[in-house]
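Residue numbers (our numbering): 977 to 1367. All C-beta atoms, glycine included, are put in the ideal place defined by N, C-alpha and C. Here is the structure we will look at.
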């Protein structure tokens, strides 16, 4: 019979008050500067509710300083924390998720430890914070507020309780993971990855409207143009109202509208009655704009990519070469108990498959691979390439 793990219900020192004035923030910075060791950091957004991914609450915890909950929407500029931390390590669960919204508030780390990435490098199949807390600390975390509207004010006390617990567990988790990485001879791998994350930037898309779910089903360039204009109009409306675009019109509805043959804003309102008359009017004007474009003004059916060097291999040959390289990397990943996409980014493996006569190490370094990735991957990749037919 499996015994259920105990629920971590309340922070050890109670729920700290919300820091939401300049004076309180200055005091918090001073206290954190006097603390010792790494700083546990988390951020709460309002994804799917507000426009963008900004942080509405930032949680901090440091030994000999305590836990602080910052109303980052009110305080806005959190850059004074950079001096308060003075090069100390930031412990974050999933840096790629939280770092951009922290940077938006002026925060910039000098040293990082990503507990999610550490768990993945150890080969753990479950690496969410709750799963990692269970495995390392033997406690359960309540996660019922993870998708809450953190832009809401005042914030309910039970939400603040939840937020404080997330950073309370991070520091002991960090220590356990650090020891596990050392024992697995993976600490140097992780250290290089954490250092690489200092320069992380979210991927920028030249044509973000092409990320519209369902767009690839459209064959008509005219309908694709409608999606582009409708997406742009919806995004402008969302930014102006600080509302998630999906709350104005979901992607599937955007695609359906592009395929429709509406004759007026009233037709749009009849199908999507939750839209206001003003919003329906703006969307109809975007729709009409697309219908009036000339053939030369219509977007291409597929995204235009920057020119790449011509491969000496056929499309079929490249596909076979990439499959062979992926198989080699899968074996290597299994051998070292590291996910294949952590061992080496799949895009690099795919690009290598189209090359002939390249220096594998140089190719990997040129595309941003870290030293540890090159040392582990290059021999297997080179051996695989040598076994394949030459151009």
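For residue i: DSSP bridge partner residues
i, result
"residue 1090", "1068"
"residue 995", "1046"
"residue 983", "1116"
"residue 1038", "1015, 1042"
Residue i vs residue j beta-carbon contact at 8 Å
i, j, result
"residue 1314", "residue 1340", "no"
"residue 1071", "residue 1001", "no"
"residue 1014", "residue 1065", "yes"
"residue 1067", "residue 1054", "no"
"residue 1301", "residue 1312", "no"
"residue 1117", "residue 1145", "yes"
"residue 1004", "residue 995", "yes"
"residue 1019", "residue 1057", "no"
"residue 1304", "residue 1269", "no"
"residue 1350", "residue 1337", "yes"
"residue 1201", "residue 1274", "yes"
"residue 1256", "residue 1236", "no"
"residue 1037", "residue 1147", "yes"
"residue 1094", "residue 1160", "no"
"residue 1277", "residue 1228", "no"
Proximity to residue i [Cα-Cα], best of the options
i, options, result
"residue 989", "1063, 1225, 1043, 1049", "1043"
"residue 1348", "1169, 1267, 1031, 1023", "1169"
"residue 1109", "1236, 1364, 984, 1351", "984"
"residue 1252", "1114, 1278, 1106, 1224", "1224"
"residue 1333", "1351, 1319, 1365", "1365"
"residue 1184", "1162, 1104, 1101, 1211", "1211"
"residue 1113", "1120, 1097, 1151, 1140", "1151"
"residue 1104", "1073, 1082, 1130", "1073"
"residue 1075", "1063, 1173, 1040, 979", "1173"
"residue 1115", "1069, 1232, 979", "979"
"residue 1299", "1271, 1250, 1310, 1328", "1328"
"residue 1031", "1092, 1016, 1052", "1052"
"residue 1059", "1097, 1011, 1045, 1345", "1011"
"residue 1049", "1291, 1147, 1021, 1038", "1021"
"residue 1359", "1335, 1343, 1046", "1335"
"residue 1293", "1260, 1321, 1367, 1061", "1367"
* What residue ranges within the segment 1001-1034 form continuous beta strand (DSSP E) runs of no fewer than 3 residues, ordered along the chain? -> 1012-1020
* Quick check: the segment 1086-1105 against the segment 1188-1199, are there 3 or more CB pairs under 8 Å? -> no
* Stretch pair the segment 1129-1141 + the segment 1197-1215: three plus CB contacts closer than 8 Å -> no
* To do: Run through the segment 1085-1151 for me and flag every whole alpha helix (DSSP H) of 4 or more residues, listed as ranges in chain order.
  => 1091-1097, 1105-1113
* Spell out a yes or no on whether the segment 1107-1126 and the segment 1016-1036 are touching, meaning 3 or more CB-CB pairs, one atom from each, closer than 8 Å. => yes
* **Contained beta strand (DSSP E) runs [length at least 3] in the segment 1304-1340, N- to C-terminal order** => none
* Which parts of the segment 1206-1269 are runs of the alpha helix (DSSP H), unbroken and 4 residues or longer, counting only runs that do not cross its ends? -> 1221-1224, 1227-1235, 1241-1247, 1253-1267
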